[in-house]
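**Q** When we follow our numbering, the leftmost residue of the sequence shown carries the number 25, and every step to the right adds one.
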Amino acid sequence: MPESPAGDRAVEPLADERVVVPVSASELVFEGHVWDIRRETFDLGDGPIVRDFMDHPGAVAVLALDDEDRAFLIRQYRHPVGLRDWEIPAGLLDVAGEDPLEGAKRELAEEGDLEASEWSVLADFLTTPGGSNEALRIYLARGIRPSDEVFEREDEEAHIETRWVPLDECVDAVLARQVQNPSLVIAVLAAQASRSRGWRSLGEADAPWPTRSPGRGTSAEAAAAEDAARR
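Following this line, the structure appears as structure tokens:
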């Protein structure tokens, strides 16, 4: 096995590093219905850099597994890609101050008419770090039961199709590139890997989320300062 190059950082734990850089300008270029486009000027030490990015409120998603390790999936139309794609229940964290776990419970109820008695953090990911500050947390929900309330759905959600699919079959569909929704892909691969390790990788439902989206109109610099203050 080849040796690591001298001076590399391979001996350190593999982990993203939080960096706070000076931001000299921040401008709202476009204010949208769900998210905005922001232009910021920052400096890494070699002069100003200007970047446009999507300023996003963040989101949560839920992989609900029943006692037979079948995943609850939904299929709905997504206009930007022109597909009725298979997904897991998910939604925006666009309610000010909303706890992400409560947001996940709301989405499972609204999109699946389901509730769960057991909740864990399965995975966190940044959807497009080069062009968006959107962070998404995926929860694993077990102890599934019908919701006490059936929700009326509108727009794309009015045409939702649902299906319970064995977890291994979901993984096969991902590896065959038959399904491509990122929350679904990450969720089922993470679940299969976690299951093979006795679910030891799961986090508590209220686990810290340091990369959570700062919220529309909040700079990354301010969000990092708030996160540091909380710790």
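Idealized CB from N, CA, C, for every residue including glycine.
#1: Which residue marks the beginning of the alpha helix (DSSP H) containing residue 197, and which one marks its end?
#2: Which of the three DSSP states is assigned to residue 117 in this structure?
#3: Straight-line CA distance for residue 89 to residue 192?
#4: Give the straight-line distance between the Cα atoms of residue 189 and residue 63, rounded to the nearest whole angstrom.
#5: Which first and last residues belong to the beta strand (DSSP E) in which residue 50 is found?
#6: Check whether the region 228–237 touches the region 68–75, taking contact to mean three or more Cβ pairs, one atom from each stretch, closer than 8 angstroms.
#7: Going along the chain, which residues of its own chain have a beta-carbon closer than 7 angstroms to the beta-carbon of residue 137, five neighbours each way excluded?
#8: For residue 158, count neighbouring C-beta atoms within 10 Å of its own C-beta (all shown protein chains included) and say buried if the count is 16 or more, exposed if not.
#9: In the DSSP assignment, what are the bridge partners of residue 74?
#10: What is the residue span of the alpha helix (DSSP H) that residue 218 lies within?
#11: With which residues is residue 100 paired in a DSSP beta bridge?
#12: Just the C-alpha distance for residue 164 and residue 70, rounded to the nearest angstrom, thanks.
#13: Evaluate residue 103 with the Cβ neighbour count: other Cβ atoms within 10 Å of its Cβ, from every protein chain shown; 16 or more gives buried, anything less gives exposed.
#14: Taking 8 angstroms as the limit between beta carbons, can you name the residues of its chain near residue 100, skipping five residues before and five after?
#15: Would residue 161 and residue 124 qualify as a contact pair, given that the criterion is a beta-carbon distance under 8 angstroms?
#16: CB-CB under 6 angstroms to residue 214, same chain, minus the five flanking residues each way: which ones, in chain order?
#17: Quick one: what's got a C-beta closer than 8 angstroms to residue 226's C-beta in the same chain, skipping five residues either side?
#18: Can the beta-carbon of residue 84 be found closer than 8 angstroms to that of residue 117?
#19: Given residue 149, which residues of its chain have a CB within under 8 angstroms of its CB, disregarding the five upstream and five downstream residues?
**A** According to the data block:
#1: Stepping through the sequence shown from its first residue, residue 197 is reached at position 173. Counting along the chain, the alpha helix (DSSP H) containing residue 197 begins and ends at 191–199.
#2: Here residue 117 refers to the residue found at position 93 of the sequence shown. The answer is coil: DSSP assigns residue 117 none of H, G, I, E or B.
#3: Translated into the one-based positions of the sequence shown, residue 89 becomes position 65. Translated into the one-based positions of the sequence shown, residue 192 becomes position 168. Linking residue 89 to residue 192 through their CA atoms gives a straight-line distance of about 12 angstroms.
#4: Here residue 189 refers to the residue found at position 165 of the sequence shown. Here residue 63 refers to the residue found at position 39 of the sequence shown. Between residue 189 and residue 63, the alpha-carbon positions lie close to 42 angstroms from each other.
#5: By 1-based counting over the sequence shown, the position of residue 50 is 26. Note, residue 50: beta strand (DSSP E), 47–55.
#6: no
#7: Along the sequence shown, one-based indexing puts residue 137 at 113. The residues are 170, 171, 174, 175.
#8: Within the sequence shown, numbered from 1, the residue matching residue 158 stands at position 134. Here residue 158 is buried. Its C-beta has 16 or more other C-beta atoms within 10 Å.
#9: Within the sequence shown, residue 74 is the residue found at index 50, counting from 1. Answer by DSSP bridge pairing, in chain order: 65.
#10: Counting from one through the sequence shown, the residue named residue 218 turns up at place 194. Going by DSSP, residue 218 is part of the alpha helix (DSSP H) stretching over 206–220.
#11: If you number the sequence shown from 1, residue 100 lands on position 76. DSSP lists 109 as partners of residue 100.
#12: Taking the sequence shown and counting its residues from 1, one reaches residue 164 at position 140. Taking the sequence shown and counting its residues from 1, one reaches residue 70 at position 46. Approximately 43 angstroms between the Cα atoms of the pair.
#13: In the sequence shown, counting from the first residue as 1, residue 103 sits at position 79. That one is exposed.
#14: Here residue 100 corresponds to residue number 76 of the sequence shown, with the count starting at 1. The residues are 108, 109, 111, 180, 181, 183, 184, 185.
#15: Stepping through the sequence shown from its first residue, residue 161 is reached at position 137. Stepping through the sequence shown from its first residue, residue 124 is reached at position 100. Yes. Within cutoff.
#16: Counting from one through the sequence shown, the residue named residue 214 turns up at place 190. Closer than 6 angstroms at Cβ, skipping near neighbours: 146, 147.
#17: The sequence position of residue 226 within the sequence shown is 202, counting from 1. So the qualifying residues of the chain are 144, 145, 146, 164, 218.
#18: Here residue 84 is taken as the residue at index 60 of the sequence shown, counted from 1. Here residue 117 is taken as the residue at index 93 of the sequence shown, counted from 1. Between residue 84 and residue 117, the CB-CB gap stays under 8 angstroms.
#19: On the sequence shown, position 125 is the one that residue 149 refers to. Result list for residue 149: 159, 160, 162, 206, 210, in chain order.
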